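Heads up: the structure comes next, in structure tokens.
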Amino acid sequence: MREDVDLAKDLAEQVRAARGPLAIVGSGSKRFYSGTVHGTMLDVTGHRGIVEYEPTELVITARAGTSLKDIERALAEKGQMLAFEPPHFGDGATLGGTIACGFSGPRRPFAGSARDFVLGTRIVNGKGEVLC
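Laid out in structure tokens, this is it:
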């Protein structure tokens with residue numbers, strides 16, 4: 001958890017120091033999906049990993065940069081799966097990119113979208129403030 005606090009503080013400092021727009025960059029697996037993004041690059045690839053997984057509660061806590069493959073592997077070991085079917089645009093597809101792009105897969109009309117299964121977030125806003 002200390003690592004998360006330190007990373008959030010570092011990101012907040014970078015946001016506050018930036019002049020103009022920011023281009024938030026993760027693995028880049030969905031870069032083709034949008035137009036050219038201009039601004040100071042804010043690399044968040046270091047923010048990855050499963051923080052906590054409670055199979056009996058059907059709850060997993062993961063950082064935005066965690067690969068979908070890692071999450072799906074951890075769930076499969078306990079006979080579980082994501083409730084949505086995010087498309088994988090390469091090995092680098094991440095949880096944060098999936099949520100940010102709203103990719104939920106073909107099960108969306110029946111099971112709901114990826115964001116419907118998010119129970120909470122901790123973010124750094126455009127002012128560099130950490131919000132929980």
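Using this note's numbering, you'd call the opening residue of the sequence shown number 1 and step up by one each time. Yeah, the Cβ is synthetic: ideal placement off N, Cα and C, and Gly gets one too. Being a predicted model, the structure only gives us computed values, none of them experimental.
- Shown here for Ala74: same chain residues with a beta carbon closer than 8 angstroms to its own, the five before and five after excluded, namely Ile50, Tyr53, Ile60 in chain order.
- Here the C-alpha atom of Thr121 lies approximately 12 angstroms from the C-alpha atom of Leu95.
- Assignment of Glu13 by DSSP, reduced to helix, strand and coil, places it in the helix class.
- Less than 8 angstroms separates the beta-carbon of Leu82 from that of Glu72.
- Closest by C-alpha distance to Cys101, out of Cys132, Leu7, Val25, is Val25.
- Per DSSP, the unbroken beta strand (DSSP E) holding Glu54 starts and ends at 50 to 54.
- Nearest neighbour of Ser67 by Cα position, chosen from Arg48, Arg115, Arg108, turns out to be Arg48.
- The straight-line gap separating the alpha-carbon atoms of Gln80 and Thr45 is approximately 26 angstroms.
- When secondary structure is reduced to three states using DSSP, Asp91 falls in the coil class, being assigned neither helix nor strand.
- In the DSSP assignment, Ala76 falls within the alpha helix (DSSP H) that extends over 68 to 76.
- Bridge pairing for Ala18: absent [DSSP].
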